[in-house]
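Report on the structure given below.
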């Protein structure tokens with residue numbers, strides 16, 4: 005198909021990041037065209053499979069927390085717009101040795117941003133999650149707001165909403 009129509013933005017790759025960019029740019033009024041080697045969502049990139057984790061208490065650094073909190077809002081907005089369940093809140097548990105980077109980083113993010121969380125001993129973990137059997141010297145950081153996203157459904161919903169916005173803005177059927 006050949007088109008001589010001009011677009012404001014071209015996006016190459018319509019996985020998680022490309023489809024999100026297409027949606028956000030179309031929300032801002034840009035006329036977006038997207039290209040992908042395959043029809044998205046597909047299994048040939050990193051944005052496929054059943055689930056991806058989403059969490060607030062980023063152990064890497066507290067600077068990520070506001071971005072993730074905004075992501076939670078945007079996923080819920082996309083669910084409302086698309087009528088599709090995308091984010092399942094399951095809670096998340098990070099287990100490690102006291103003082104390790106994972107545990108201390110998650111606690112730092114939780115404390116800096118006032119996130120709901122709990123520190124669990126190994127016996128607390130075993131009692132609450134019988135399938136898990138951490139060694140006695142381990143601890144867990146429980147984050148109740150964490151969950152999982154359905155990446156393929158997310159990509160499909162983002163692309164469909166971007167298409168809807170672009171069609172409405174350009175008067176296309």
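Residue numbers (the working numbering): 5 to 177.
In this text, a Cβ means the ideal position worked out from N, Cα and C, and glycines have one as well.
Remember, predicted model here, so these are calculated numbers, not experimental data.
- Listed in chain order, the non-local C-beta contacts of residue 83 below 6 Å within the same chain comprise 90, local neighbours out to five positions each way being set aside.
- Residue burial is scored here from C-beta neighbours: residue 23 has at least 16 other C-beta atoms within 10 angstroms and is therefore classed as buried.
- For residue 139, there is no enclosing alpha helix (DSSP H), since its DSSP letter is neither H nor E.
- Residue environment: residue 139 is assigned as exposed (fewer than 16 neighbouring CB atoms within 10 Å of its CB, all protein chains considered).
- Nearest Cα to residue 121 within the set 156, 131, 95 and 100: 95.
- In chain order, 165 place their CB closer than 6 Å to the CB of residue 85, counting only its own chain and leaving out the 5 sequence neighbours on each side.
- For residue 125, the uninterrupted beta strand (DSSP E) run begins and ends at 122-125, by DSSP.
- In this structure, the straight-line span from the alpha carbon of residue 115 to that of residue 79 is close to 24 Å.
- Assignment of residue 10 by DSSP, reduced to helix, strand and coil, places it in the coil class.
- Taking C-alpha positions only, residue 99 is separated from residue 11 by approximately 48 Å.
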